[in-house]
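K.L.:
If you scroll down you'll find the structure; I have some questions about it.
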Amino acid sequence: MRALFSFGAGALLAVCFMPATAAAQQVGAGASAPSAESDRAARLALAREIIAIGFPEADREQLFFGAINEMTRQVRQAALARIEKPDPGALSIIDKWIAAQILRQRTILVRHIPALMDGMARGYAELFTAEELRGVHAFVQTPAGLTFFLKSSQITAQPAFAEANQAYMREILLGTPDAQAELIEQLSAYAEGRGAN
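Just so we're aligned: the sequence shown equals residues 66 to 262 in our numbering.
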């Protein structure tokens, strides 16, 4: 039963959190303020065009939802692989709970997709030079480039990636109960220490 609870927690974590990175690109000291602003504006315009072409508005929800569904499926398989005899009733409750959470998250995600896309464009504009963005812009306008963008999120469903990813998740899930117990122990000790003061 404990493994089933760990499975539920792991599945929710996989669905809820998406890693994100950001970096700031510094303008050379010799650049004048107007040219720096002009370059920044040009990069942002290029980045927004790349997003508009590579992630068509009509396809965005499916791109996000497809990734969420696939990762949830893989977490479920990885978790169940370490449970010898999962209780059908408990498993049914967890599956229904996860489905409800995904539905709730989808409703919220739909509202945030425009901001996420604009944030991605702004991130591209900071991470890449204008020359690099022009190269990506040219690429995404080709049939191969557009297909690459549209299918990139599908990589998680490919058997080779899914197999490697599930092996990773199985190892992570094996250590989750011990990690949870350690955290609870640390928090309990901290709370007791505060109470003593």
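Even for Gly, the Cβ is constructed at its ideal location relative to N, Cα and C.
1. Terminal residues of the continuous alpha helix (DSSP H) containing P153?
2. From the DSSP output, in three-state form, read off Q223 for me.
3. Can you grab the Cα-Cα spacing for the pair A143 / A165, in whole Å?
4. R105: beta carbon under 7 Å from a heavy atom of the ligand GTP?
5. Determine, using beta-carbon pairs with one atom in the region 108 to 122 and one in the region 192 to 199, whether at least three such pairs fall under 8 Å.
6. What residue range does the alpha helix (DSSP H) around K150 cover?
7. What first and last residue would you give for the alpha helix (DSSP H) that runs through T212?
8. My output table needs one value for P121: the three-state DSSP class, helix, strand or coil.
9. Which one of K216, P151 and E135 has the shortest CA to CA distance from P121?
10. I'd like to know whether the C-beta atoms of G119 and L192 end up nearer to each other than 8 Å.
P.N.:
Per the coordinate set shown:
1. P153 to L192
2. coil
3. 20 Å
4. Of the ligands one can find in the structure shown there are none, so the ligand GTP has no counterpart to examine.
5. yes
6. Premise fails: K150 is in no alpha helix (DSSP H) and is neither H nor E.
7. P208 to S217
8. coil
9. K216
10. no
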